[in-house]
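Protein chains in written order, with this note's numbering: chain X, 1 to 146; chain P, 147 to 359; chain V, 360 to 563.
For each residue, glycine too, the CB sits at the ideal point set by N, CA and C.
All figures in this text were calculated on a predicted structure; none of them were measured in a lab.
In what follows, a structure is listed as structure tokens, so that the remarks can point back to it.
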């Protein structure tokens, strides 16, 4: 069944928009992406969406946010807001997964492995900052596939 | 040939201006340079390993370059960059911030057509189309790009000066039980919930209900 | 530092998704005591070594209240703390007892104004911020079984609900809904208005 999590995308989107220019300016690497190349989220099959979404929430909570502390108090507060919203959403998605058998197909597992490989290919701070700067790629994909 | 030593001041404020995903790169001339400055433009798909030159914007003296065709896939994000040349010297490449066509475009108001009977007005709204390369190319309505697209419609009774608002998802609205022989002015706005994108309100379309038979 | 006691009676007042931290003043005769506030979300406790984040708008403030709405922006358990500062002297942190989760905010019914303009039923709702939707119920008096509903997000001003039958009375009530915490307020008092009577000449 579908894992439809009512998640306040608007709040996360607003939080990200407030710091997008700041965060993306800290990522000088134009030619690499964590989420969008070589594989694209937009090619994920609908049956795999629940699994990929849960994987990505876990990826951001476990790996990304903690390495994004900056010298800017406003940016840190917005990152905290986004991180806590992800935590809340992941919990709901987790509950949903147990009830709804959120299947992880081979293709989505491969895609997520590629995302991790992209991440591991950079030093941790650059990888984390790049991943945070790509949050709109994740949000655009989630909103399009709602 | 090796790059010239670049001592020319840089182009300034290099940025995309986008309306209905017609994405045009704009910049200001380097400070203190008069006429005669020429420019080159290149762009990159974010995450893909190469910059691509834009031949139609090579050695141009204007300060804009239409990159709509190169940035038409709104599932991608982009960078663009400009370099200035004058009297044998040049500036460094100056880049935009990361451009996301889906969230960074502006949307035009909807087109409105209004008809009336003696007691009602009927309003048909049409969302603008996404930019396309040529008239022959298939049209894509912004409705398809933004599934959460809604319309806010304002109806003003010119006699009583009272204004009503309607928020609708589909593109037609009939307002019945109006006063005959009265002018009503209609204007509408597009509202996308996520990402948050609002057009301005359209120009008012005024129409009179027919006089009583 | 022990000379300056930690602020006491630290608590949160939260209404309609606006959250204010308050505390009792630390009194030092003839001196102006200032305060600084920090918060910690569930993420900071579980993934960021229990780190605390300062709220710059409430750093070195003389007020004994701090608007923490912008920072309590996820539906998780937060902790908040305050300390007093006098020159270089700082008090220990005073930490609010327990946690605060915005799901416990108190939601009040919306302010509603209902109008009839000819045969048209209109409603005006006071804006309550981006987190709020409004669920408006309306029915023809005497037909309580046939209630209709409209859910509205942005409520700029006079919103059109429906057209009414000539001379009939219609009643309206509304409640707020906050998707982020999946809760609704109680309903506003019901308001009823009457549509314009059938005036000859209009409908011949």
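DSSP state of residue i mapped onto helix, strand, coil
i             : result
residue 187/P : strand
residue 427/V : coil
residue 62/X  : helix
residue 152/X : What is shown of chain X runs 1 to 146, which leaves residue 152/X out entirely.
residue 68/X  : coil
residue 264/P : coil
residue 512/V : coil
residue 226/P : strand
residue 453/V : strand
residue 235/P : strand
residue 104/X : coil
residue 521/V : strand
residue 26/X  : coil
residue 444/V : strand
residue 157/P : coil
residue 79/X  : helix
residue 117/X : helix
residue 347/P : coil
residue 439/V : strand
residue 534/V : strand
residue 352/P : strand
residue 171/P : strand
Interface residues of chain V facing residue i [CB-CB closer than 8 Å]
i             : result
residue 65/X  : 402, 406 and 407
residue 308/P : 476 and 517
residue 313/P : 511, 512, 513 and 518
6 Å CB neighbourhood of residue i in its chain, flanking five on each side removed
i             : result
residue 10/X  : none
residue 418/V : 395
residue 137/X : 35 and 36
residue 496/V : 506, 508 and 532
residue 317/P : 271
residue 19/X  : 75 and 78
residue 343/P : 253
residue 536/V : 492, 494 and 543
Contact set between residue i and chain X, taken where Cβ atoms lie within less than 7 Å
i             : result
residue 434/V : 88
residue 412/V : 76, 77 and 80
Contact set between residue i and chain P, taken where Cβ atoms lie within less than 8 Å
i             : result
residue 477/V : 323, 324 and 325
residue 140/X : 221, 246, 248, 249 and 341
residue 481/V : 310
residue 11/X  : None at all; the shortest Cβ gap to chain P is about 10 Å.
residue 147/X : Chain X is shown only over 1 to 146; residue 147/X falls outside these bounds and no answer can be derived.
Neighbourhood of residue i by C-beta, 7 Å cutoff - its chain only, sequence neighbours within 5 removed
i             : result
residue 420/V : 393 and 394
residue 182/P : 232
residue 236/P : 150, 152, 154, 229 and 230
Contacts that residue i makes with chain X (C-beta to C-beta distance below 8 Å)
i             : result
residue 430/V : 77, 80 and 81
residue 243/P : 21, 24 and 25
residue 190/P : 30 and 31
residue 469/V : None at all; the shortest Cβ gap to chain X is about 19 Å.
8 Å Cβ shell around residue i - same chain, five flanking residues per side excluded
i             : result
residue 47/X  : 103 and 105
residue 196/P : 190
residue 14/X  : none
residue 360/V : Interpretation of residue 360/V is limited by its pLDDT of 48, a score under 50 that renders its predicted location unreliable; the figure taken from the coordinates is listed afterwards. Correct list, in chain order: 448, 449, 450 and 451.
residue 179/P : 154, 155, 230 and 232
residue 555/V : 475, 477, 478, 525 and 526
Beta-carbon neighbours of residue i, restricted to chain P and to distances below 7 Å
i             : result
residue 136/X : 246 and 249
residue 522/V : 322 and 323
residue 32/X  : 193
Contacts of residue i in chain X (Cβ-Cβ under 9 Å)
i             : result
residue 415/V : 73, 74 and 77
Beta-carbon neighbours of residue i, restricted to chain V and to distances below 7 Å
i             : result
residue 131/X : Result: empty, since nearest Cβ-Cβ is about 15 Å, beyond 7 Å.
Exercise for the section: Pick out the complete beta strand (DSSP E) segments inside the segment 458-507 of chain V, 3 residues or longer, and give them in chain order. Expected result: Whole beta strand (DSSP E) segments, 3+ residues: 471-476, 479-484 and 491-499.
Exercise for the section: May I ask you to verify whether the segment 291-299 of chain P touches the segment 309-324 of chain P, counting CB pairs closer than 8 Å and requiring at least 3? Expected result: Contact annotation: the segment 291-299 of chain P touches the segment 309-324 of chain P, with at least three C-beta pairs closer than 8 Å.
Handout entry: Three CB pairs or more closer than 8 Å across the segment 245-253 of chain P and the segment 148-167 of chain P
Key = They touch, by the three-pair rule.
Handout entry: Meets three-Cβ-pair contact criterion under 8 Å: the segment 90-98 of chain X and the segment 49-57 of chain X
Key = Output reads yes: the segment 49-57 of chain X touches the segment 90-98 of chain X.
Problem - alpha helix (DSSP H) segments (min. 4 residues) lying fully within the segment 367-395 of chain V - result: Annotation: the segment 367-395 of chain V contains no complete segment of the alpha helix (DSSP H) (minimum length 4 residues).
Exercise for the section: Kindly confirm or deny that the segment 265-284 of chain P and the segment 316-323 of chain P touch, where touching means at least three C-beta pairs closer than 8 Å. Expected result: Contact between the segment 265-284 of chain P and the segment 316-323 of chain P is present, because at least three Cβ pairs lie under 8 Å.
Problem - At least 3 beta-carbon pairs within less than 8 Å: the segment 541-552 of chain V vs the segment 462-478 of chain V - result: Using a Cβ-Cβ distance cut-off of 8 Å, the segment 541-552 of chain V and the segment 462-478 of chain V are in contact, since at least three pairs of beta carbons, one from each stretch, lie closer than that value.
Exercise for the section: Kindly confirm or deny that the segment 332-345 of chain P and the segment 252-261 of chain P touch, where touching means at least three C-beta pairs closer than 8 Å. Expected result: The answer is yes - the segment 252-261 of chain P touches the segment 332-345 of chain P, with three or more Cβ pairs under 8 Å.
Practice task
Evaluate the contact criterion for the segment 367-376 of chain V versus the segment 277-286 of chain P: three or more CB pairs, one atom per stretch, below 8 Å.
Solution key: No: fewer than three Cβ pairs fall under 8 Å.
Exercise for the section: With a floor of 4 residues, list each alpha helix (DSSP H) that falls wholly inside the segment 250-296 of chain P, ordered by position along the chain. Expected result: Within the segment 250-296 of chain P, the runs of alpha helix (DSSP H) that reach at least 4 residues and sit entirely inside it are, in chain order, 288-291.
Exercise for the section: Ignoring anything shorter than 3 residues or poking outside the segment 303-337 of chain P, list the beta strand (DSSP E) runs there in chain order. Expected result: With a minimum length of 3 residues, the continuous beta strand (DSSP E) runs that stay inside the segment 303-337 of chain P are 308-314 and 318-321.
Exercise for the section: Spell out a yes or no on whether the segment 455-469 of chain V and the segment 104-123 of chain X are touching, meaning 3 or more CB-CB pairs, one atom from each, closer than 8 Å. Expected result: No, the segment 455-469 of chain V is not in contact with the segment 104-123 of chain X.
Problem - Inter-stretch contact at 8 Å, needing at least 3 Cβ pairs: the segment 348-356 of chain P / the segment 430-437 of chain V - result: No, the segment 348-356 of chain P does not touch the segment 430-437 of chain V.
Handout entry: contact_flag[the segment 402-415 of chain V, the segment 516-535 of chain V] where n(CB pairs < 8 Å) is 3 or more
Key = In the pairwise beta carbon analysis, the segment 402-415 of chain V is classified as not touching the segment 516-535 of chain V: fewer than three pairs are separated by under 8 Å.
Practice task
State whether the segment 203-214 of chain P contacts the segment 128-135 of chain X, with contact taken as three or more CB pairs (one from each stretch) at a distance under 8 Å.
Solution key: No, they do not touch.
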